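Quick note on our numbering: the sequence shown kicks off at 6 and runs consecutively. Positions of the beta carbon are idealized from the N, C-alpha and C atoms, including for glycine. Computed from a prediction, not measured in an experiment: that's the story for all the values here.
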Amino acid sequence: MKLPQSPILIPVILFTLGATLSFLISISFQEVLKIGIGFLLFMGLLQFLKGQKLLKSLFLFSSFLLLGFIYFKGYCTPSKNHFQSFNNNKKGLKQIEIQSLLGNYSFSNNYIGKISSWGKHKVEGKILIRQSKDSTTKPWSIGQKILTNERLSSIKGPLNPGQFSYKNYLANKKIYHQLDLNSGNSFKLPNRKRTFRSFSSSLERNAFDQIETSPLSVSSQGMLKALLFAERNALDDSIVQNYTKAGVIHLLALSGLHIGLFVGFFMLLLKPLLNFRYGSSIRMVIIICFMWLFAFFVGFPPSVTRAVTMFSFMVVGRALHYGKHTFHYTVLSFFLLLFCYPPYLRSIGFQLSYLAVFGILLIHPLLQQVWNPKYFILKRYWEWTTVCLAAQLAVSPISIYYFHQFPSLFLVSNLLIIPFFGLFLIFCILVFFMLLFFSIPTFITVAFEKVVTLLNKSIRWIAQQEAFLFDELYHSTASTLFLYSLLIFSVFWGYKKNIWNTIPVGLVLCGLLLNCKIEKKKINTENSFWIFHRHNASLVGHQKGSLFYYYSSENQETKRLLEDFANSRVLSEKTPIRLANFYVQDDFKLMILDNEKAYDLVDFEPQYILLRNNPKLNLNRLLRRYKPKVLIADGTNAPWNTSLWEKSCADYGVKFHNTRLDGALKINL
């Protein structure tokens, strides 16, 4: 069996590797551009040398690596007209255009906005805008222009280890600052023209209005929004969690699977065109036009744009070469998307999408050879099984790296749901078009409600088999890279079994085992004390090796925080403990103060003092009495108290740590 190939595979890999290195190596764009020009001149001089084919090839391939580095470094470097060139804390009248809605939350609507002017200066650059909510708040529309005089503030990172970093998520989109706006500090300008983006947004809003005024239940309405408009937030959190635990969360992400089902449906529907001259080309044009019209209708969300681009190349490839070069067109679409929108490189959805597709294209044929059933039904189910296994093998290492869990019943879930999911998706489209143009019949409403209920109940039953869900898994970046290296070389060996392909598999396996041993040794030497941040609650803990002993004043409220912490490191056990007003471990001494009576301890000299629950005390006397290295205030204290304590610490030369602002504190013991 021949390994799928693409003539641009190696250049694309080197370009992507160079792009990745641009985030790891600190060097200015101007410096790397000088290096690139020097490299180009040296390559030009090499052409005058006779022979030296190996050296010329080496420099040619290195140029793709350097090109990726330069291109991504240039993209991430702010332009001269970026508002960062000004003083970000400086007040000035700013004109901002709303570009997209990020999320609709209990207390705010979050948008991505573009600053077009700052005072008299024309500027550019994107920011996060949080529109405060009250009973009279009207959400802003896409394309809306706003004037404000508010100062920008930096976006804060996570306060505790293991938590999702909204700061890094937005930084990948070149957004580093935010504005908190409301009707009192901002002014809406009248919209004079409708943009392409605002038109697609208004179409989506009208569609949502039709869904929300329908006789369907809230759960069914949310399913339509999730499957047809990529609005997963429209679903209840428990439903999303069940799909995640069952290993079928990709069904709720409007991406490759859904576009693939659409493409397959239209290929089947338009198959009679193949009987006519140019029928294949006509079918290809119709399918591509439908996909891009659909992407326009739903507002070009990243997942849909990704999937439509990928499938457009695949449809063209199948039409021109009868499916022989699907792998090549997939690589080409990967490069085109990465080149046009560099933030895709660090997008989890982008990584998972292409890993799943490459897994299906490369691993699926190998698994198919294991068994060749004779009966049609068995053959189809075996094909679905190998497709699911191939995709899961390709995405599992990075999925565990990001989400720290592995649903072992993923195969059962996919084999039960996916064969019928295409029909359900068509049913969703049918119901949606009825809502748009007709009065939906009662029997259709009842049937759709029953199907949605049956689907959600089936997923919930699978998710409840918690014995088969492995969570709080952790492996490092190095382990993830070793696992993918092992997978890649194993695939090479599967296509061509010889000693030269066996050696790399063995070497990578040895490297993986050695890395595991090194990481285990590092874990065993870990000895640290943590003071976490939790609003109106105290949480402290002591990690010794893979064991974690913790005290929490609100066990229910801190469950998620402990899960996040466990996801950021290897922990074999979490044990709750009772905590007095002091904690001693070897040379480490911590005093915990809740009130004035608790701190008059004789012959006790703590290096660290933790204040919680707004203790009423004379802080100056406390600092003179104990002279601690660090004074810590957790999330149980009021902001006005912490600001006063910070000033007192500055007067006495004592370091002050406020978890509300500085996040969790780690103390190495």
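Is there a C-beta anywhere in chain C that falls below 7 Å from the one on residue 227? Structure shown: chain C not included; a single protein chain is present.
By DSSP, does residue 538 sit in helix, in strand, or in coil? coil
Beta strand (DSSP E) runs contained entirely in the stretch 417-492, provided each spans 3 or more residues: 474-476
Sub-7 Å separation of residue 437 and residue 229 beta-carbons: yes
Can you tell me where the beta strand (DSSP E) with residue 135 in it begins and where it stops? 131-137
I believe residue 613 touches residue 582 by the beta-carbon criterion, under 8 Å. Please report the beta-carbon distance rounded to the nearest angstrom. With a Cβ gap of about 18 Å, residue 613 and residue 582 do not count as contacting.
Taking 8 Å as the cut-off, does the stretch 536-551 touch the stretch 141-161 (at least 3 CB pairs, one atom from each stretch)? no
Taking 6 Å as the line, does the beta carbon of residue 552 fall inside it for any heavy atom of the ligand ADP? Here there are no bound small molecules, and the ligand ADP is not part of this structure.
Contacts around residue 330, its chain only, beta-carbon distance under 7 Å, and the 5 residues preceding and following it disregarded: 322
Reducing DSSP to helix, strand and coil, say where residue 158 ends up. strand
Once DSSP output is grouped into helix, strand and coil, what is the label at residue 242? helix
Three-state secondary structure (DSSP) at residue 151? strand
Residue 6 (DSSP reduced to helix, strand or coil): coil
For residue 44 and residue 62, believed in contact at Cβ under 8 Å, the rounded distance: The pair is not a contact, with the Cβ atoms about 15 Å apart (cut-off 8 Å).
Simplified DSSP state of residue 141, which is helix, strand or coil: coil
For residue 492 and residue 360, what's the separation of their Cα atoms in angstroms? 12 Å
Counted within 10 angstroms of its Cβ, other Cβ atoms place residue 376 as buried (16 or more) or exposed: exposed
Smallest Cα separation from residue 497: which of 426, 371 and 340? 371
So, is residue 123 buried or exposed, given that buried needs 16 or more other C-beta atoms within 10 angstroms? buried
How would you label residue 419, buried or exposed, when you count the other beta carbons within 10 angstroms and need 16 or more for buried? buried
Looking only at its chain, what residues have a beta carbon closer than 7 Å to the beta carbon of residue 41, apart from the 5 residues adjacent to it on each side? 71 and 75
Going by CA-CA distance only, name the one from 558, 339 and 593 that's closest to residue 15. 339
Do residue 414 and residue 393 have their C-beta atoms closer together than 7 Å? no
If you drop the 5 nearest sequence neighbours on each side, which residues of the same chain put their C-beta closer than 7 Å to that of residue 402? 485, 488 and 489
CA-to-CA distance, residue 500 to residue 66, given in whole angstroms: 25 Å
Pick from 278, 193, 159 and 388: whose alpha carbon is nearest that of residue 172? 159
For residue 87, which beta-bridge partners are listed by DSSP? 129
Please list the terminal residues of the continuous beta strand (DSSP E) segment that includes residue 122. 113-123
Terminal residues of the continuous alpha helix (DSSP H) containing residue 36? 34-51
What is the DSSP secondary structure of residue 374, counted as helix, strand or coil? coil
Quick one: is residue 136 buried, meaning 16 or more other Cβ sit within 10 Å of its Cβ, or exposed? buried
What does the Cβ neighbour count give for residue 655, buried or exposed, with the cut at 16 atoms within 10 Å? exposed
Which full runs of the alpha helix (DSSP H) of 4+ residues lie inside the stretch 601-663, going along the chain? 624-631 and 644-657
Beta-carbon proximity check, residue 100 vs residue 121, cutoff 7 Å: yes
Just the C-alpha distance for residue 387 and residue 421, rounded to the nearest angstrom, thanks. 13 Å
Status (buried if at least 16 other CB within 10 Å, exposed otherwise) for residue 588: buried
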